[in-house]
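Residue numbers (this note's numbering): 8 to 635.
Rendered as structure tokens:
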């Protein structure tokens, strides 16, 4: 199966898995003989073609009685999931069935077919293996909430009568590790994540969103257990019509909801009376928060964006909710110019680290950097970093940015050991001073060092310098030690300082689309190899008279950008009449463009506030017109 989540209580770990009942297929009989697998009979002909339909006539499935007789005695072993335990050498030392048929609860609806298991492990055992396991049927549970006494499976169901959330409550036996289904219920709408569910004083609180478009609304339900049913004790419905829940946080007798469409309302909800929850406060500010994290008495940090779209700049907000009827944002940090960015913290709270003792908040961020010219080509590398902020309530500047820690691959997690902050990416661990992340203490590369490279050899260019180390996760002592020459017989040489390569165009390059070779670097006794791909633009032929398409990058809000569109056209071709741009089409995203006064370029201005890609064509006259 696939892992949904894990939880730990004392010495027990609870593992939640999604799987399916893998029933054996019925045999196909053709002329009385069993057809070899994977034989199927196509019941829906043109719409559901069989993957390996037997040829010939008289093919039928075996009867139900024959099927039951054949597999009935071993159906549990064949259909239910199994487990095995391996030692350090990879040898299996324990194996068996994860579930018995008596460990399965019956489905609550006809439309559910996924098998969700809750497996208990006692980590105090010398040989870890499942202690107990139960399973129920869901539509593939992805959200799990666990308290000290209970575990809740939160199952979004999109059925014919609309979306709802089915809830199954299991009780945890601290003595035996057993897990028992004790109650079920459902509420309208669906939850955003595990923080939309909370157990407090015997009640379960659930925040959901339902509907579409202008009919979208949000709810908060307080559920109590009545026998084997979870029933609604109190609720608030139709919160923020036309908006969706983006973040939820329950804190004791209060709840905080962030919804979003055009502005970011932060709702404070009084849950002190479970049968009568009340919205007591609301704060409307631009932008939205994807995640709320408590950072002290009456304080919340919100991670999200500062604008009306997902492409706006990331921001961190500090909210004062001491007075629930009057929530306030007392500070914010906007990471300006990073609209083309994404943080795992927006969707996975495990990526957020808050160290309460020192008030340090850390989260990863990935951003497309500015376009820069490298080896004659414009590139914008992905920048990977961790942002470090200080949360200091009562200070003049209660939320401030301390700095960022750069990595060369996807940033993942941050932890601390004493006064040292450890940040981990896919191939690097960096140790920095916790309260001053600009101070690097040490680092360890443990993954792949060399990264693959891609270049284009332009028309008319015979040699290309390749700064292949620019995207590699390397210390400063790394050098290129060897190159495997390409099969094209192009020549690749290593620079004297071992920091770059030179690629020379091969003969007959017009017959090739791309060329590849590998290089190896060494650093600190470690070696790593990567592949370089060179895309070859063909050399011009003597009778060639054709312009080439262009790509330019201009800054949003800029005006009258001169685009030298002829710079890559007609290389090596001599003309009696010099090529001239004669006309341009209307850009497709509202910008304006005109032919320059000298006819050698075009002048382009993007529409106000436009960010994206815009295209247009221009016509060149060099005695034989062409449009690109």
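For each residue, glycine too, the CB sits at the ideal point set by N, CA and C. None of these values were measured; they are calculated from a predicted model.
**Request:** Could you check which residue in 363, 392, 357 and 247 has the C-alpha nearest to that of residue 371?
**Result:** As a position in the chain shown, residue 371 is number 364, starting the count at 1. Answer by Cα proximity: 392.
**Where residue 95 falls, given that 16 or more other Cβ within 10 Å makes a residue buried** = By one-based count along the chain shown, residue 95 stands at place 88. Exposed: under 16 other Cβ atoms inside 10 Å.
**Message:** Measuring only the C-alpha atoms, how far is residue 620 from residue 208?
**Reply:** Here residue 620 is taken as the residue at index 613 of the chain shown, counted from 1. Here residue 208 is taken as the residue at index 201 of the chain shown, counted from 1. Each residue's Cα considered, the two are about 54 Å apart.
**Request:** Specify, as a first and last residue, the run of the beta strand (DSSP E) that residue 312 falls within.
**Result:** Start at 1 with the first residue of the chain shown, and residue 312 comes out as number 305. Per DSSP, residue 312 belongs to the beta strand (DSSP E) from 306-312.
**Prompt:** Expressed to the nearest angstrom, what Euclidean distance is found between the alpha-carbon atoms of residue 282 and residue 241?
**Reply:** Sequence index remark: in the chain shown, residue 282 carries index 275 (1-based). Sequence index remark: in the chain shown, residue 241 carries index 234 (1-based). Using only the alpha carbons, I get a separation of about 4 Å.
**Message:** Starting from residue 85, trace the beta strand (DSSP E) in both directions and tell me its first and last residue.
**Reply:** As a first step, residue 85 is located in the chain shown; it is residue number 78 there, counting from the start. No beta strand (DSSP E) holds residue 85; the alpha helix (DSSP H) holding it covers 82-86.
**Asked** With 16 as the cutoff for other CB atoms within 10 Å, does residue 219 come out buried or exposed?
**Response** Within the chain shown, the letter at position 212 stands for residue 219. Exposed: under 16 other Cβ atoms inside 10 Å.
**Message:** Quick check on residue 533: does DSSP put it in helix, strand or coil?
**Reply:** The residue given as residue 533 occupies position 526 in the chain shown. In the structure shown, residue 533 sits in a strand (DSSP, three-state: E or B).
**Prompt:** With C-beta atoms as the reference, is residue 253 less than 9 Å away from residue 244?
**Reply:** What you label residue 253 is simply residue 246 of the chain shown in a count that begins at 1. What you label residue 244 is simply residue 237 of the chain shown in a count that begins at 1. No, the pair does not count as a contact, with Cβ atoms beyond the cut-off.
**Prompt:** Taking just the CA atoms, how far does residue 190 sit from residue 616?
**Reply:** By 1-based counting over the chain shown, the position of residue 616 is 609. By 1-based counting over the chain shown, the position of residue 190 is 183. If you take the alpha carbons of residue 616 and residue 190, they lie about 54 Å apart.
**Item:** 7 Å Cβ shell around residue 331 - same chain, five flanking residues per side excluded
**Value:** Residue numbering aside, residue 331 sits at position 324 when the chain shown is read from its first letter. If we look at residue 331 and ignore the five residues flanking it on each side, its Cβ neighbours are 261, 275, 277, 287 and 288.
**Same chain only: Cβ atoms within 6 Å of residue 433, ignoring 5 sequence neighbours per side** = To locate residue 433, count along the chain shown from 1; it is residue 426. 416, 417 and 454, listed in sequence order.
**Asked** Can you tell me whether DSSP reads residue 619 as helix, strand or coil?
**Response** The count along the chain shown starts at 1 and reaches residue 619 at position 612. Residue 619: coil per DSSP, three-state reduction.
**Request:** Just grab the DSSP bridge partners of residue 25 for me.
**Result:** For this step, residue 25 is matched to residue 18 along the chain shown. Residue 25 is bridged to 9 and 123.
**Asked** Name the DSSP beta bridge partners of residue 500, please?
**Response** Counted from its first residue, the chain shown places residue 500 at position 493. Looking at the DSSP assignment, residue 500 forms a beta bridge with 509.
**Asked** Cα separation between residue 1 and residue 131?
**Response** Any answer about residue 1 is impossible in this case: the structure gives the chain only from 8 up to 635.
**Prompt:** If you draw a straight line from the alpha carbon of residue 16 to that of residue 152, how long is it in whole angstroms?
**Reply:** Working through the chain shown from its first residue, we reach residue 16 at position 9. Working through the chain shown from its first residue, we reach residue 152 at position 145. Near 13 Å, if we compare the C-alpha coordinates of residue 152 and residue 16.
**Message:** Beta-carbon within less than 6 Å of residue 126's beta-carbon, same chain only, minus the 5 sequence neighbours each way: which residues are those?
**Reply:** Within the chain shown, the letter at position 119 stands for residue 126. So the list reads 22, 137 and 140, once near-sequence residues are dropped.
**Collapsed DSSP secondary structure at residue 279 in the structure displayed** = Here residue 279 is taken as the residue at index 272 of the chain shown, counted from 1. Three-state DSSP puts residue 279 in coil, outside helix and strand.
**Prompt:** Since residue 470 sits in a beta bridge, which residues does DSSP pair it with?
**Reply:** Position 463 of the chain shown, counted from the start, is the residue given in the question as residue 470. Partner(s): 511.
**Prompt:** Where does the unbroken alpha helix (DSSP H) through residue 443 begin, and where does it stop?
**Reply:** Translated into the one-based positions of the chain shown, residue 443 becomes position 436. Here residue 443 belongs to no alpha helix (DSSP H); instead the beta strand (DSSP E) covers 443-452.
**Message:** Taking the straight line between their C-alpha atoms, what separation do you get for residue 307 and residue 273?
**Reply:** Position 300 of the chain shown holds residue 307. Position 266 of the chain shown holds residue 273. So the alpha carbons of these two residues sit roughly 11 Å apart.
**Message:** Please identify the residue among 187, 338, 68 and 359 whose C-alpha is closest to the C-alpha of residue 43.
**Reply:** Your numbering for residue 43 matches position 36 in the chain shown. It is 68.
**Request:** Please name the residue, chosen from 464, 468, 484 and 524, that lies closest to residue 490 on a Cα-to-Cα basis.
**Result:** Position 483 of the chain shown, counting from 1, holds the residue named residue 490. If we check each option's Cα against that of residue 490, 524 comes out closest.
**Request:** Work out the CA separation of residue 105 and residue 186 for me, nearest whole Å.
**Result:** For the purposes of this step, residue 186 is taken as residue 179 along the chain shown, with counting starting at 1. For the purposes of this step, residue 105 is taken as residue 98 along the chain shown, with counting starting at 1. If I take the Cα positions, the gap works out to 14 Å.
**Asked** Does DSSP put residue 76 in a helix, in a strand, or in coil?
**Response** Numbered from 1 along the chain shown, position 69 holds the residue referred to as residue 76. Here residue 76 sits in helix by DSSP.
**Residue from 251, 198 and 205 whose Cα sits closest to the Cα of residue 224** = What you label residue 224 is simply residue 217 of the chain shown in a count that begins at 1. Here the closest residue by C-alpha is 251.
**From 410, 563 and 169, residue whose alpha carbon lies closest to that of residue 618** = Numbered from its first residue, the chain shown carries residue 618 at position 611. The shortest Cα separation from residue 618 among 410, 563 and 169 belongs to 563.
**Message:** Contact between the segment 496-511 and the segment 420-435 is defined here as three or more beta-carbon pairs at a separation below 8 Å; is this criterion met?
**Reply:** no
**Asked** Would the beta-carbon of residue 440 fall within 9 Å of that of residue 544?
**Response** On the chain shown, position 433 is the one that residue 440 refers to. On the chain shown, position 537 is the one that residue 544 refers to. For residue 440 and residue 544, no; Cβs fall outside 9 Å.
**Message:** Let's see if you can read the secondary structure: which residues bound the beta strand (DSSP E) around residue 162?
**Reply:** Looking up residue 162 in the chain shown gives position 155. First-last of the beta strand (DSSP E) with residue 162: 157-166.
**Item:** Contacts around residue 52, its chain only, beta-carbon distance under 8 Å, and the 5 residues preceding and following it disregarded
**Value:** Taking the first residue of the chain shown as 1, we reach residue 52 at position 45. The predicted model places residue 52 with a pLDDT of 43, which falls under 50 and marks its position as unreliable, so this point remains unresolved.
**Rounded Cβ spacing between residue 603 and residue 569 (contact assumed at less than 8 Å)** = In the chain shown, residue 603 corresponds to position 596, counting from 1. In the chain shown, residue 569 corresponds to position 562, counting from 1. 6 Å between Cβ atoms; contact.
**Request:** From the DSSP output, in three-state form, read off residue 226 for me.
**Result:** Reading the chain shown from its first residue, position 219 is the one you call residue 226. DSSP places residue 226 in strand when its eight states are reduced to three.
**Item:** Contacting residues, own chain, Cβ-Cβ under 8 Å from residue 180 (five flanking each side not counted)
**Value:** To locate residue 180, count along the chain shown from 1; it is residue 173. Here the set comprises 186 and 187.
**Message:** One question on the structure: do residue 8 and residue 25 come within less than 9 Å of each other, judged by their Cβ atoms?
**Reply:** Residue 8 sits at position 1 when you count from the first residue of the chain shown. Residue 25 sits at position 18 when you count from the first residue of the chain shown. Yes; because the gap between Cβ atoms is below 9 Å, this pair is in contact.
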